[in-house]
Each structure stands twice: as C-alpha cells, then as structure tokens.
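**Q** The structure under discussion is supplied below as structure tokens; questions concerning it will follow.
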Amino acid sequence: MNHPTENHLISSEILDRILNKIGTLLKQEVSLKQTLREQDSQNQAANEELFLELLEVVDALDFLMEYMANNPDPSPQFIQRLPKSVGSIQKKLLNILGKRQVTPIELEGNQPDFEVCKVVDREIKPDLSPQTITKVVRQGFRVNDKVLRPIEVITSKLE
Numbered sequence: 001m002n003h004p005t006e007n008h009l010i011s012s013e014i015l016d017r018i019l020n021k022i023g024t025l026l027k028q029e030v031s032l033k034q035t036l037r038e039q040d041s042q043n044q045a046a047n048e049e050l051f052l053e054l055l056e057v058v059d060a061l062d063f064l065m066e067y068m069a070n071n072p073d074p075s076p077q078f079i080q081r082l083p084k085s086v087g088s089i090q091k092k093l094l095n096i097l098g099k100r101q102v103t104p105i106e107l108e109g110n111q112p113d114f115e116v117c118k119v120v121d122r123e124i125k126p127d128l129s130p131q132t133i134t135k136v137v138r139q140g141f142r143v144n145d146k147v148l149r150p151i152e153v154i155t156s157k158l159e
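Using this note's numbering, the letters of the sequence shown map in sequence onto residues 1 to 159.
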C-alpha cells in the first residue's frame, strides 16, 4: 500500500523524457512570446501608419473649418469649389480604407440583393414594380469578402 510520505523512484529514462519535454515546452514558450512581440510590433506600426493617414484627413478638415470660421461670408468661388474640396477629402478616406481592403459594395440591378442590402424604408411608387430600389440612403462596404456594412436602400411599393 502506498503512503503519502513514501518516496517513489523514477527511472532515469522517464526522468530524462520528462526533463526533455519540459525543455521543449520552455523553448516553445520563448518562441511564442517572441512571435507575439513581433506581431504586436507589426500591429503597432500598422496602426501608426493608419493614424498618420487619418491625421492628413483631419488636417484637410481643419483647413476648411478654419477658412469658414475666418470668412463668414465666403466668396462664390469658394462655395463653387467646396464640393470638389469635400470630394477630395472623401477620396482620401476611401483610399485609406481601400489600402486595408475595405471597399464600397457595388449595387447590381435595381432589386435589392439581401446579402448586401438592407431596406430601411419603402415609398409608394405605382409606376415601378414592387421592391425596386428608389434610393441608396447609405453606401455599403465590405472588408475582403465579408459585408462590413450593408447598403441601406429605400424601395418602392404600390400602395
């Protein structure tokens, strides 16, 4: 019968295998920690790059806001160029997203594809067949092949 205080002898072969396994596990732990540090470093660098790109957009918006604050009655030329300026900022943002595989979802046809569309409202349009898209309320986006945000649409109904 075994007693709790009784010493058990382990053969040297079993002891060697246990020590070898412990050594292997310790090496794996060190390797995993190194891999995690490298991944953290890569993620931090990617985040910093994203932040710098977003700060360029913030700078462009700051410039527009400062100009409008300093010119409460903007010139007709400024008003005429405003859509182009805002479009340029939007293009910068879309490029930043595109670099990260976030792309707009293209709408195909005039019927909602419920894999990528969300109907947010319906309006009476007796001249159109039911469920015809009458307006895109919000652009949808996907990241790689996953829908990040569906296209929000308004569709027609007869009554």
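Glycine is no exception: its CB is placed at the ideal position from the N, C-alpha and C atoms.
Just checking my contact of Ile-151 with Val-116 at CB under 8 Å: how many whole Å lie between their CB atoms?
**A** Translated into positions along the sequence shown, residue 151 becomes position 151. Translated into positions along the sequence shown, residue 116 becomes position 116. Indeed they touch by this definition, with Cβ atoms about 6 Å apart.
**Q** Looking only at its own chain, which residues have a Cβ that is under 7 Å from the Cβ of Pro-112, when we skip the five neighbours before and after it?
**A** Taking the first residue of the sequence shown as 1, we reach residue 112 at position 112. If we look at Pro-112 and ignore the five residues flanking it on each side, its Cβ neighbours are Val-119, Gln-131, Ile-133, Val-153, Thr-155.
**Q** Using the DSSP secondary-structure output, state which residues sit across from Pro-126 in a beta bridge.
**A** Along the sequence shown, one-based indexing puts residue 126 at 126. The partner list for Pro-126 (beta bridge, DSSP) is empty, contrary to what the question assumes.
**Q** Under a three-way DSSP split, which group does Arg-138 fall into?
**A** Here residue 138 refers to the residue found at position 138 of the sequence shown. Three-state result, Arg-138: strand.
**Q** When DSSP labels each residue in this structure, what does Asp-121 get in the three-state scheme?
**A** Position 121 of the sequence shown holds residue 121. In this structure, Asp-121 counts as strand in the three-state DSSP scheme.
**Q** Among the residues of its own chain, which have a CB less than 6 Å from the CB of Arg-17, if the five just before and after it don't count?
**A** As a first step, residue 17 must be located in the sequence shown, where it is residue number 17. None.
**Q** Taking its Cβ as the centre, do 16 or more other Cβ atoms sit within 10 Å of Gly-140, making it buried, or is it exposed?
**A** Position 140 of the sequence shown, counting from 1, holds the residue named residue 140. Classification for Gly-140: buried.
**Q** Using C-beta distances below 6 Å, list every residue in its chain close to Ala-60, excluding the 5 sequence neighbours before and after it, in chain order.
**A** Start at 1 with the first residue of the sequence shown, and residue 60 comes out as number 60. Around Ala-60: Ile-89.
**Q** Going by CA-CA distance only, name the one from Gln-44, Lys-157, Leu-25 that's closest to Arg-122.
**A** One-based indexing of the sequence shown puts residue 122 at position 122. That would be Lys-157, whose Cα lies nearest to the Cα of Arg-122.
**Q** Please state whether the Cβ-Cβ distance between Val-57 and Lys-92 is less than 9 Å.
**A** Taking the first residue of the sequence shown as 1, we reach residue 57 at position 57. Taking the first residue of the sequence shown as 1, we reach residue 92 at position 92. Result yes, Cβ atoms of Val-57 and Lys-92 sit closer than 9 Å.
**Q** In the DSSP output, which residue or residues are listed as bridge partners for Pro-72?
**A** The sequence position of residue 72 within the sequence shown is 72, counting from 1. For Pro-72, which the question treats as bridged, DSSP gives no partner whatsoever.
**Q** Check Leu-148 in the structure and name its three-state DSSP category.
**A** Numbered from its first residue, the sequence shown carries residue 148 at position 148. Strand.
**Q** Tell me, which residues are paired with Val-143 by DSSP?
**A** Stepping through the sequence shown from its first residue, residue 143 is reached at position 143. DSSP output for Val-143 lists Val-102, Lys-146 as bridge partner(s).
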